[in-house]
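Letter by letter, the sequence shown follows residues -6 to 124 of this note's numbering. Cβ coordinates follow ideal geometry from the N, Cα and C atoms, glycine included. None of these values were measured; they are calculated from a predicted model. What follows is a set of notes on a single structure, which appears directly below.
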Amino acid sequence: MSSEPLETFPNPQPARDFEIRIQCPEFTSLCPKTGLPDFGEIRIMYVPDRTCLELKALKYYFMGFRDRGIFYEAVTNQILDDLVTACRPRKMEVVGDFSVRGGLTTQVVTRYEKPARAQKTTASKRRATRR
């Protein structure tokens, strides 16, 4: 986890499903092999449950990765895990879209869905296909 704590606030509409989309276009971490900076964009989409992410704390959380050596795949999954732990959303997607390095671009997509919700969705799909 980044050294900066994440904060939340109460969801103003907990009975409604709505998406919150957040972009961090200037994300930076360090390549663990070379020590050189890695640049990219982190995009978050989530459906909050009882709490929402507080943006100032999120910004400082992202800044905590600037001096940390971590692979693209690891950092994107770490961000998803930390954000899910902090706000317990109904569902969340975190995309790490990293800048060109050696002529290659990398995009890492991670997803989370609350287990009970995933089961309801699967059951609904099964009922719909039987009709």
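Under 8 Å between C-beta atoms of residue i and residue j
{"i": "P108", "j": "C80", "result": "no"}
{"i": "R61", "j": "S92", "result": "no"}
{"i": "E(-3)", "j": "Q16", "result": "no"}
{"i": "L73", "j": "T98", "result": "no"}
Exposed unless 16 or more other CB atoms sit within 10 angstroms - verdict on residue i
{"i": "F2", "result": "exposed"}
{"i": "F11", "result": "exposed"}
{"i": "T27", "result": "exposed"}
Host beta strand (DSSP E) of residue i (start-end)
{"i": "Q71", "result": "Unbroken run through Q71 is the alpha helix (DSSP H), Y65 to C80; no beta strand (DSSP E)."}
{"i": "E34", "result": "P30 to V40"}
Proximal residues to residue i (C-beta, below 8 Å), its chain only, five neighbours per side dropped
{"i": "P82", "result": "Y39, V40, P41, D42, L76, Y105 and K107"}
{"i": "D31", "result": "T21, S22, L23, C24, Y65, F91, S92 and R94"}
Three-state class that DSSP yields for residue i in the structure shown
{"i": "K49", "result": "helix"}
{"i": "P18", "result": "strand"}
Close beta carbons around residue i, own chain, < 7 Å, minus the five adjacent residues each side
{"i": "K49", "result": "none"}
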